[in-house]
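Enquirer: Just so you know, the sequences run in chain order A and B. Just so we're aligned: the first sequence equals residues 1158 to 1703 in our numbering. Just so we're aligned: the second sequence equals residues 804 to 1092 in our numbering. Here it is, the structure, as structure tokens.
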Amino acid sequence: MTNTIFSAKKIITMNPARPHVTHVAVREGRVLGAGTLEELSGWGDYVLDETFKDKVIMPGLVEGHSHAMEGTLWKYTYVGFFDRMDPHGKVWGGVKGIDAVLARLKESEAKLSDPDAPLPGWSLDPIYFNNERVNRHDLDKVSSTRAIGVMHASGHILNVNSKALELAGLLKTGIDHPGVPLGDDGLPTGELKGPDVMTPVGVHVGFDRDMLSCDEDGLVDFAKLCVRTGVTTATDLAARLPEEAVAMMSEVTARDDYPARIVPLRFHHGVTPKDLIEHVLQLKEQSSDRLRLGMIKVVVDGSIQGFSARVRWPGYYNGADNGLWYISPEQLSEIINMSLEKGIHIHTHTNGDEATELVLDCMEEGLRQHPSRDHRFTLQHCQLADRAQFRRMAKLGMCVNLFANHHFYWGDEHYNLTVGPERALRMNACATALENNVPMAIHSDAPITPLGPLFTAWCAVNRLTASGRTQGESEKIDVAAALYAITLGAAYTLKLDGEIGSIETGKRADFAILVDDPESMPPEKLKDVRVWGTVQDGRIFSAAEL
Amino acid sequence: MFPEQNIPVTIIGGYLGSGKTTLVNHLLRNANGKKLAVLVNEFGELPIDADLIEAEEGDIISLSGGCVCCSYGNDLTSAIIDVAQMRPAPDHIVLEASGVALPGAIASSLSLLNNCTLDGIVVLADAETVQKKSQDKYMGDTISRQLSDADIVLLNKTDLVSADRLLQTREWLKQCSNNASVVDTVHSTAPISVVLQDFERSALKPASGKPHDTSQFESYKLDMEEAVDPKKFASELITNTPELVRAKGFLLDLDGTVKTLQIVGQRFMVSAAPQGIECGVIVICIRGD
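Rendered as structure tokens:
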């Protein structure tokens, strides 16, 4: 058997016994060893592959909270404020005002040949245009004859044109709904807030009913984004996973050229706890190397910027009503208890600190009933948790995956509007998590923010908001801790740390191939580290050749 | 001869264990040939009594008498659109909200759909536990918000509490539910004419069927021979009839047209009436002690 030995300018192993080496040997898609060429030649015949001799190799990056639908969204017109790379490597410049949004949409409109085809756009964020809203008249200038809908970056608001309202039967007076602002003429302005309002119009502007779903092309494109960002394992955090979707994902991920390991979690909603557990046990059986099934995602509350997160006293800074529960304590307890009993791994979505508190309470009680040494239940987002809650997480053996990117994109909003200056400083408290020995990952929640763990690491290290303020100096972490969080840290929350997350004997040959060295870049430049591509299970994927 | 009518939707709210599922089964059992479409958040352990089920396919269960039950999972709006498009169209949609949902928010969403109309919000309260639950650290405000959204509160499981406690709970409910009508029930067996206003759509008859608990309700008919201002009439009827639960009928407007009037709790709705209909309003009240 011939081994492949890759040489590199530098290999960051995440193995403390030998943190930096120059060569890594690979056999059957796994790491034989990392060290010097001389050491590795001891494994027998080898081929020296010098493709990466002037590159830096890191363990393949692990995105612990993303959604594969990021791949699907790129079928639609991107109108975000920030530059963003699509699956084909094209960087779409951010649009810096409403006129630019309309111009971008017009370009797409000109390419449509079917006069009835809708025109969907995504990632609009009027926060950056001084909150100037896009209304239906603006979008009518792009087209008055085809339905147009533009989803906001938060995913919570949709702007549509008059034609879309007309098709949905909403171009009428007399609508009385908090999510449908009306203009002076008594007709809707075209801004639609919240899923209940967005759905009936969304179907007319090209947004699929099930926003969580990802089709075949989307799954393929998602993996291309993974290669471009150095990711070799990514979660698809919350899908309903019906049979046909699982069959599609199994087929696609098994293709010889599929470059990523996908970890889909079953969304709790819409079935009873008992049926949920049964389904997940069944899914677990269908796992394969590149499709890891059998975990549960429970959504407990909404979002902070949408004011639907459950926050503790004294509530929202602007006086908004407290948010919404998406599950009752009884059902949450039942799912936790049954999962602990059957050894099923749960991740919970909590944004507000009251929702986090409920999960901690339910876990404490659940663990009394079903003591479990290594459950690794993970609090996802967990943006507003305070220090006392992190201490409880540690005692209960929980992990946390903090939404570091959020701090950059909406930090100013949280400071000024949602939770106010003091609590905004503690949001996504990476330093507190580590100080209390809570195993920690950080995430993008793609497509809410762009996939890119090195950018996420930059967010956690610098804690800059979009306006350029440093928010929460005491919660900054150093580069080493951030790099750990996007490799072994995230792998640990998925119980995959024995397989991936570091470069050492026995691990999967999953590498991020970098042009720049994240350890010697200035910390404030971490996001600018260039990615050449990945190696996944020993297979080489060059971003330039996708 | 009837114009294409919107399908009425009754929202059934209330916390876990308050008796929502029992009420849904009760309605299905007493549907009297009307096609009810029941939307539930999830198919739990027997959300529908087994003897009512005829066939089960994916997210839809066919029930005896042309009724159906669908689970809406995470997309309520789509489910309502789908059900409203079923042929034959259902006569009435009964929407069982999840235990943590705010029925008022669901009602707002209904206002955006073009082929259904809110018939009323019925919220169940467990006579034994509702007050304590409304103080719960996590769920208290959710339960209070559910009750304040209600047009009618079904105070359920009244057989499990003392008369004094019942009286006190009823008064408390009046306060925290914006003066909704509070109707006592045991095993969720409220008369269908109370829960589903539009149950009798075309015919104007004194309260349909026999209420299960005949002692609790009385119904009477107002002849409505003279023209009135419908809105003024409705407001006055509500004010002057503190025990009113529901009213429905047809009346002559001052402009000479005939209008349909529906009242549930404190809420009323005036719309165009079918042609050639006879005037008269049926009022259902809780019988005074």
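Ideal Cβ positions, reconstructed from N, Cα and C, are used throughout, including at glycine.
Going along the chain, which residues of its own chain have a beta-carbon closer than 7 Å to the beta-carbon of Asp1282(A), five neighbours each way excluded?
Expert: Excluding residues within five positions, the ones whose Cβ falls inside 7 Å are Gly1237, Phe1238, His1309 and Ala1310.
Enquirer: Can you pull the chain A residues whose beta carbon is under 8 Å from the beta carbon of Met942(B), in chain order?
Expert: The contacting residues are Trp1482, Ser1485 and Pro1486.
Enquirer: Have a look at the DSSP bridge pairing and note the partners of Met1406(A).
Expert: Per DSSP, none; premise fails for Met1406(A).
Enquirer: What span of residues does the beta strand (DSSP E) with Met889(B) cover, start to end?
Expert: Neither: Met889(B) is in no beta strand (DSSP E) and is coded neither H nor E.
Enquirer: Tell whether a beta-carbon distance below 7 Å holds between Leu1064(B) and Ala1037(B).
Expert: For Leu1064(B) and Ala1037(B), yes; Cβs fall inside 7 Å.
Enquirer: For Tyr1285(A), which three-state DSSP category applies?
Expert: Helix at Tyr1285(A).
Enquirer: For a cutoff of 7 Å on Cβ pairs, would you count Pro1399(A) as touching chain B?
Expert: Closer than 7 Å: no.
Enquirer: Under 7 Å between the Cβ atoms of Val1456(A) and Glu1220(A)?
Expert: No, they are not a contact pair.
Enquirer: Using alpha carbons as the reference points, say which of Arg1397(A), Thr1662(A) and Arg1449(A) lies closest to His1426(A).
Expert: When each option's Cα is compared against that of His1426(A), the closest is Arg1397(A).
Enquirer: Find out if the Cβ-Cβ distance for the pair Val1188(A), Ala1669(A) is shorter than 7 Å.
Expert: Contact flag unset, no.
Enquirer: Assign Asp1694(A) to buried or exposed, taking buried as 16 or more other Cβ atoms, counted over all protein chains shown, within 10 Å of its Cβ.
Expert: So Asp1694(A) ends up on the buried side.
Enquirer: Less than 6 Å between C-beta atoms, sequence neighbours within five positions excluded: which residues of the same chain meet that for Arg1004(B)?
Expert: Note on Arg1004(B): pLDDT 44, under 50, position unreliable in the model; the coordinate value appears next. If we look at Arg1004(B) and ignore the five residues flanking it on each side, it has no Cβ neighbours.
Enquirer: Compare the Cα-Cα distances from Asn928(B) to each of Leu913(B), His990(B) and Glu845(B) and report the closest residue.
Expert: A small fix is needed here, since residue 928(B) is Ala in this sequence, not Asn. Looking at the Cα atoms, His990(B) is the closest of the given residues.
Enquirer: Compute the beta-carbon to beta-carbon distance between Ala1617(A) and Ile1599(A), rounded to the nearest angstrom, for a pair I have assumed lies under 8 Å.
Expert: About 5 Å separates the two Cβ atoms, so the contact holds.
Enquirer: So, are the CB atoms of Val1183(A) and Ala1700(A) less than 7 Å apart?
Expert: No, they are not a contact pair.
Enquirer: Between Glu845(B) and chain A, is any beta-carbon pair separated by less than 7 Å?
Expert: Yes, contact with chain A.
Enquirer: Identify, in the order they occur along the chain, each residue of the same chain with its Cβ nearer than 7 Å to the Cβ of Pro1607(A), setting aside the five sequence neighbours on each side.
Expert: If we look at Pro1607(A) and ignore the five residues flanking it on each side, its Cβ neighbours are Arg1241 and Ser1601.
Enquirer: What are the boundary residues of the beta strand (DSSP E) that includes Met942(B)?
Expert: Per DSSP, Met942(B) belongs to no beta strand (DSSP E) and is neither H nor E.
Enquirer: Going by DSSP in three states, Ser1011(B) sits in which element: helix, strand or coil?
Expert: Summary for Ser1011(B): the model assigns pLDDT 43, below 50, so the residue's position carries little reliability; its value from the coordinates is reported in the next sentence. It is coil, neither helix nor strand.
Enquirer: With C-beta atoms as the reference, is Glu1323(A) less than 7 Å away from Ser1300(A)?
Expert: Not a contact, by the Cβ cut-off of 7 Å.
Enquirer: Within 8 Å, do at least three Cβ pairs link the region 1246-1253 of chain A to the region 1406-1418 of chain A?
Expert: Cβ pair count under 8 Å is below three, so no.
Enquirer: Run the CB neighbour count on Thr1622(A), radius 10 Å, all protein chains shown included, and call it buried at 16 or more, exposed below.
Expert: Thr1622(A) is buried by the Cβ-count criterion.
Enquirer: 7 Å is my cut-off, CB to CB: does Asn828(B) come that close to chain A?
Expert: By this cut-off, Asn828(B) is not an interface position.
Enquirer: Would you mind listing the beta strand (DSSP E) stretches within the region 1433-1516 of chain A that are 3+ residues and don't spill past its ends, in chain order?
Expert: As far as the region 1433-1516 of chain A is concerned, its whole beta strand (DSSP E) runs of at least 3 residues are 1452-1456 and 1502-1507.
Enquirer: I believe Leu1327(A) touches Asp1295(A) by the beta-carbon criterion, under 8 Å. Please report the beta-carbon distance rounded to the nearest angstrom.
Expert: Not a contact, Cβ separation roughly 17 Å.
Enquirer: Measuring only between beta-carbons, confirm whether Gly1068(B) sits less than 7 Å from chain A.
Expert: Gly1068(B) does not count as touching chain A.
Enquirer: On a Cα-Cα basis, can you pick out the residue from Ile1332(A), Ser1460(A), Gly1312(A) and Thr1179(A) that is closest to Gln1537(A)?
Expert: Cα-wise, what sits closest to Gln1537(A) is Ser1460(A).
Enquirer: Out of Ser1624(A), Ser1631(A), Asp1393(A) and Tyr1641(A), which one is the CA nearest neighbour of Asn1585(A)?
Expert: Nearest of Ser1624(A), Ser1631(A), Asp1393(A) and Tyr1641(A) to Asn1585(A), Cα basis: Ser1631(A).
Enquirer: Applying the criterion that 16 or more other CB atoms from any shown protein chain within 10 Å of the CB defines a buried residue, is Tyr1235(A) buried or exposed?
Expert: Per the 10 Å Cβ criterion, buried.
Enquirer: Met1308(A) lies in the beta strand (DSSP E); which residues open and close that run?
Expert: Per DSSP, Met1308(A) belongs to the beta strand (DSSP E) from Ile1305 to His1309.
Enquirer: Give the interface partners of Ile884(B) over in chain A, defined as CB-CB distance under 8 Å, in chain order.
Expert: Correct list: Pro1357.
Enquirer: Leu1047(B) touches chain A at which residues, Cβ-Cβ below 9 Å?
Expert: By Cβ distance, chain A contributes nothing, its closest Cβ being about 24 Å from Leu1047(B), past 9 Å.
Enquirer: Give me the residue from His1180(A), Asp1202(A) and Val1181(A) with the minimum Cα distance to Met1158(A).
Expert: It is Asp1202(A).
Enquirer: For the candidate residues Gly822(B), Leu1055(B), Asp1032(B) and Asp1056(B), whose alpha-carbon lies nearest to that of Asp987(B)?
Expert: Here the closest residue by C-alpha is Gly822(B).
Enquirer: Using only CA atoms, which one of Val1403(A), Ile1419(A) and Leu1448(A) lies nearest to His1436(A)?
Expert: Among Val1403(A), Ile1419(A) and Leu1448(A), the Cα nearest to that of His1436(A) belongs to Val1403(A).
Enquirer: Between Leu1645(A), Asp1458(A), Ala1588(A) and Glu1373(A), which has its C-alpha nearest Ala1225(A)'s C-alpha?
Expert: It is Glu1373(A) whose Cα lies nearest to the Cα of Ala1225(A).
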